[in-house]
Amino acid sequence: MKKLTAVVFTLLTLASSTGVARAAAAGTWEARIRATYLSMDNKSDAFSALGINFPANAVSVNSKFIPEFDFSYSFTPNVVTELVLTIPQTQDVTLAGVGKLGTFKHLPPVLALQYHFAPGETIDPYVGAGLNFTLIYGSDLKVANVPLALEHSSLGVAGQVGADINLGNSVYLNVDVKKVTLRSDVSVMGGAKLTTAKLDPWLLSVGIGWRF
Numbered sequence: 015m016k017k018l019t020a021v022v023f024t025l026l027t028l029a030s031s032t033g034v035a036r037a038a039a040a041g042t043w044e045a046r047i048r049a050t051y052l053s054m055d056n057k058s059d060a061f062s063a064l065g066i067n068f069p070a071n072a073v074s075v076n077s078k079f080i081p082e083f084d085f086s087y088s089f090t091p092n093v094v095t096e097l098v099l100t101i102p103q104t105q106d107v108t109l110a111g112v113g114k115l116g117t118f119k120h121l122p123p124v125l126a127l128q129y130h131f132a133p134g135e136t137i138d139p140y141v142g143a144g145l146n147f148t149l150i151y152g153s154d155l156k157v158a159n160v161p162l163a164l165e166h167s168s169l170g171v172a173g174q175v176g177a178d179i180n181l182g183n184s185v186y187l188n189v190d191v192k193k194v195t196l197r198s199d200v201s202v203m204g205g206a207k208l209t210t211a212k213l214d215p216w217l218l219s220v221g222i223g224w225r226f
């Protein structure tokens, strides 16, 4: 964290010497690459299985760093839409008192609408809101050799705050925080629902963007 703070401070210092950034005019496209830490909230309902009463929040999914790619289009200098993409991710699932249940894969694009408060300034903060559609597939989950199933998709809301920091020549540093709704029922394969996993992750990102 200290190293990340030092890097951000250095880039802010460099940005302050570049002068005022060029505002993104209507019709401007932008592309970004970001390193994102996917931090799962890991809440779940209490349930009973294998003759055991499992408490709330017994199901957990690992947090991890993921690559992120996103594209933006400016309707006006202040109003921007953003499509956030990544590559398919594999996550581990564990159950308290039992251990690892297996893995599943997901692809979680986000489409958001942003409002930029200071387009054309060196530091341009913004807020945004939108939708997250997560495709869930490739699940390989078992408990006591009994296969488990997840829902195939999750549709939820997403909120974000962030800032673009001008580095000159249409290049900028981006820092961004998102909160996303991501949930799935966990069921016995072909049978009854056991619990609902409420992952609702935070996405903490830093990256570089380019305007075209």
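Numbering (our numbering), first residue to last: 15 to 226. All residues carry an ideal CB built from backbone N, CA and C; glycine is no exception. Given the structure is predicted, the values throughout are model-derived calculations rather than measurements.
Assuming residue i is part of the beta strand (DSSP E), what are its boundary residues?
{"i": "A126", "result": "124–130"}
{"i": "T95", "result": "93–99"}
{"i": "N67", "result": "66–68"}
{"i": "P161", "result": "160–164"}
Check whether the Cβ atoms of residue i and residue j lie closer than 8 Å to each other.
{"i": "A63", "j": "L208", "result": "yes"}
{"i": "V220", "j": "R48", "result": "yes"}
{"i": "T195", "j": "N146", "result": "yes"}
{"i": "E82", "j": "T108", "result": "no"}
{"i": "I80", "j": "T50", "result": "yes"}
{"i": "L52", "j": "L217", "result": "yes"}
{"i": "A211", "j": "V200", "result": "yes"}
{"i": "L162", "j": "K156", "result": "yes"}
{"i": "A206", "j": "Q174", "result": "no"}
{"i": "V124", "j": "V160", "result": "no"}
What does the alpha-carbon distance come out to for the pair residue i and residue j?
{"i": "Q9", "j": "N67", "result": "As displayed, the chain neither begins before 15 nor continues past 226, which places residue 9 out of reach and without an answer."}
{"i": "K192", "j": "A60", "result": "27 Å"}
{"i": "G65", "j": "A158", "result": "12 Å"}
{"i": "R225", "j": "M54", "result": "31 Å"}
{"i": "D227", "j": "A40", "result": "In the structure as shown, the chain starts at 15 and stops at 226, and residue 227 therefore has no counterpart that could be examined."}
{"i": "V94", "j": "G111", "result": "46 Å"}
{"i": "S58", "j": "E44", "result": "38 Å"}
{"i": "H166", "j": "S198", "result": "8 Å"}
{"i": "N92", "j": "T148", "result": "28 Å"}
{"i": "G152", "j": "K119", "result": "5 Å"}
{"i": "D138", "j": "G170", "result": "27 Å"}
{"i": "F85", "j": "L115", "result": "36 Å"}
{"i": "R46", "j": "G223", "result": "4 Å"}
{"i": "S77", "j": "G134", "result": "36 Å"}
{"i": "G144", "j": "D214", "result": "14 Å"}
{"i": "V34", "j": "H130", "result": "Legend: pLDDT at V34 = 47, less than 50; position of this residue unreliable, no value from coordinates given."}
{"i": "A29", "j": "V189", "result": "The predicted position of A29 is uncertain, since its pLDDT is 42 and thus under 50; a value taken from the coordinates is nonetheless stated next. Rounded to the nearest angstrom, the two C-alpha atoms are 14 Å apart."}
{"i": "Y87", "j": "E96", "result": "7 Å"}
{"i": "P102", "j": "P122", "result": "8 Å"}
{"i": "N183", "j": "F89", "result": "21 Å"}
{"i": "A172", "j": "G142", "result": "8 Å"}
{"i": "A72", "j": "L187", "result": "38 Å"}
Pull the bridge partners of residue i from the DSSP assignment, please.
{"i": "S153", "result": "Partner(s): none; S153 has no beta bridge."}
{"i": "T50", "result": "I80, S219"}
{"i": "N146", "result": "V124, G170"}
{"i": "A211", "result": "S58, S198"}
{"i": "F226", "result": "DSSP output for F226 lists no bridge partner at all."}
{"i": "T108", "result": "S74, K114"}
{"i": "E44", "result": "S86, R225"}
{"i": "P133", "result": "DSSP lists no partner for P133."}
{"i": "P139", "result": "A177"}
{"i": "A63", "result": "I66"}
Give a yes or no on whether the minimum CB-CB distance between residue i and chain C is below 8 Å.
{"i": "P81", "result": "Among the protein chains of the structure shown there is no chain C, as only one such chain exists."}
Ignoring anything shorter than 4 residues or poking outside the region 169–202, list the alpha helix (DSSP H) runs there in chain order. Complete alpha helix (DSSP H) runs here, min 4: none at all.
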